[in-house]
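So in my numbering, spot 193 of the sequence shown is number 191, and the numbers just go up one at a time. Just so you know, even glycine gets a beta-carbon here, dropped at the ideal spot from N, CA and C. As the structure is a prediction and not an experimental result, all values here were calculated from the model. Worksheet: one structure, shown below.
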Amino acid sequence: MAAWLKRKLTGLSYGYLRKTASWSHPKSPEIRHERVLPFCSYAPWANDQAFRSAYERVAKNTLVDSYRLYELWSLARQLDGLEGDFLEVGVWQGGSGCLLALASQRPGRRVWLADTFEGVVKAGELDTRYSGGEHSDTDIELVKALIARCGVSDRVEALQGMFPEFNAERVGERLALLHIDVDVYESARSVLEWALPKLGIGSIVVFDDYGFFGCEGVTRLVNEFMVGNQNFRFLHNLNGHAVLVRVAVEASHV
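Here it is as structure tokens:
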């Protein structure tokens, strides 16, 4: 009886929430939002002991939920055979960046964590929620402490300053994975354009903020970038991520 009632109430709740009308931000009316409630239930992160162990070490230092963190973990593991470093721009307190380092098993791979550590930068007219300075409750020493606690100091380096204007020369010539978590259009655009020549076949770009209300600037950037672009394949994951996989390199559109 209890199981039947639980299923019934769950079904009613899902049905009610799915009937909620779509909405948009007044500044970006063409970017529509709905309550996204998949019926799927497979949860590989629940019994992936390596991931669970890493997650417990970083969970207090990230705003990224376990679903997106597991996707980052899985992508990092799949890239062990691909040459190149990992770069995260938009680090906050370092949780997701350290998770990437814990996931990677490729010898010699460097993981770069770039942030102003002063909050969101480059907010502009194309952004809806952010005006600058949000998520400033962090500092580089806090991130360095997490790096040390996770035991990844030999391969992770935190870079302080607006990226790519500062510290870009420190990053390697090839990137296997780029995680962009900067919340606003112009910051995401400048990082992506800088990184394009460093992304080889099979390299992956993850935009953390693509599917979230208040981050329409990032949604707009990715949508614009993919128009007519045959160099990348694009996946909009219902966890909110936009995942781009490089499949070709053309001189006309690196």
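Self-check item: Helix, strand or coil at S102 according to DSSP, with G and I counted as helix
Solution: coil
Exercise. Would you kindly work out how many angstroms separate the C-alpha atoms of P162 and R244, rounded to a whole number?
Key: 21 Å
Self-check item: Cβ contact (3+ pairs, closer than 8 Å) linking the segment 72 to 90 and the segment 169 to 181
Solution: yes
Quiz item: In chain order, what residues of the same chain have a beta carbon less than 6 Å from the beta carbon of I178, not counting five sequence neighbours either side?
Solution: V87, A186, V189, F205
Quiz item: In angstroms, rounded to a whole number, what distance separates the CA positions of V209 and V241?
Solution: What sits at residue 209 in the sequence shown is Gly, not Val. If I take the Cα positions, the gap works out to 11 Å.
Quiz item: For R231, which beta-bridge partners are listed by DSSP?
Solution: V243
Quiz item: Is the segment 136 to 151 close to the segment 99 to 117, with three or more CB pairs under 8 Å?
Solution: yes
Exercise. For E248, collect the residues of the same chain with a Cβ closer than 8 Å to its Cβ; drop the 5 residues on either side in sequence, then sort them by chain order.
Key: Q228, N229
Exercise. Please check the pair W278 and F37, which I expect to be a contact at CB under 8 Å, by giving their CB distance rounded to whole angstroms.
Key: The requested residue 278 is not part of the displayed model; the chain covers only -1 to 252.
Self-check item: Identity of the residue in T217, I199, W192, V89 nearest E155 by Cα
Solution: V89
Practice problem: Please work out which residues of its chain come closer than 6 Å, Cβ to Cβ, to E32, disregarding the five sequence neighbours upstream and downstream, and give them in chain order. | Solution: S20
Quiz item: How about L157 and W192: do their beta carbons lie closer than 8 Å?
Solution: no
Exercise. Pull up the DSSP beta-bridge partners for A112, would you.
Key: V87, L157
Quiz prompt | Alpha-carbon spacing of K120 relative to G130, whole angstroms | solution = 7 Å
Exercise. Please name the residue, chosen from G95, H23, L173, that lies closest to K58 on a Cα-to-Cα basis.
Key: G95
Quiz item: For A99, which option in D152, R127, E132 has the closest C-alpha, if you only look at C-alpha atoms?
Solution: D152
Quiz prompt | 7 Å CB neighbourhood of A143 in its chain, flanking five on each side removed | solution = none
Self-check item: Three-state secondary structure (DSSP) of S22
Solution: strand
Self-check item: CB-CB length for V182 against V216, believed under 8 Å
Solution: 7 Å
Practice problem: Specify the secondary structure class of A57 as computed by DSSP and reduced to three states. | Solution: helix
Quiz prompt | Boundaries (first-last residue) of the alpha helix (DSSP H) holding V216 | solution = 214 to 224
Practice problem: Taking only the alpha-carbon atoms, compute the straight-line gap between V225 and A246 and give it to the nearest angstrom. | Solution: 15 Å
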